[in-house]
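Chemist: Offset between the sequence shown (1-based) and the working numbering: plus 198.
The C-beta atom is built at its ideal place from N, Cα and C for all residues, glycine as well.
Nothing here was measured: the structure is a model prediction, and the numbers come from that model.
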Amino acid sequence: NGVGRTEQDNGVAVGANYAVTPNLGLFVTYLYGQRKQYGFDFANSKTNTTVGNRMHSQAIGAGAALKW
């Protein structure tokens, strides 16, 4: 049917924390993901196609934690 039998999903996450004071901490996180399957269009849910068979996602998060 032209659709690959295996789907590959890969991802990585990286983060860091920093204590500014004993009661205040900062953090940042980066996430990356990739999904691919030969012959399947993830964006339109169609088969037997060579476009849209690889999707990427990225996210960055940052924030602070305050204790009292």
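For the ligand NAD, I want to know if residue 217 counts as a neighbour, meaning its beta carbon is within less than 7 Å of at least one of the ligand's heavy atoms.
Modeler: Because no ligand of any kind appears in the structure shown, any question about the ligand NAD cannot be addressed here.
Chemist: The beta strand (DSSP E) with residue 191 in it runs from where to where?
Modeler: In the structure as shown, the chain begins at 199 and stops at 266. Residue 191 is therefore absent and cannot be evaluated.
Chemist: Between 260, 236, 203, which lies nearest to residue 214 when the distance is taken from Cα to Cα?
Modeler: Locating residue 214 in the sequence shown gives position 16, where the first residue counts as 1. Checked all of 260, 236, 203; the closest Cα to residue 214 is 260.
Chemist: Quick check on the DSSP output: the beta strand (DSSP E) that includes residue 208 runs from which residue to which?
Modeler: For this step, residue 208 is matched to residue 10 along the sequence shown. 206 to 219 is the span of the beta strand (DSSP E), which, as asked, contains residue 208.
Chemist: Express the C-alpha separation of residue 216 and residue 228 in angstroms, rounding to a whole number.
Modeler: Indexing the sequence shown from 1 puts residue 228 at position 30. Indexing the sequence shown from 1 puts residue 216 at position 18. Each residue's alpha carbon lies about 15 Å from the other.
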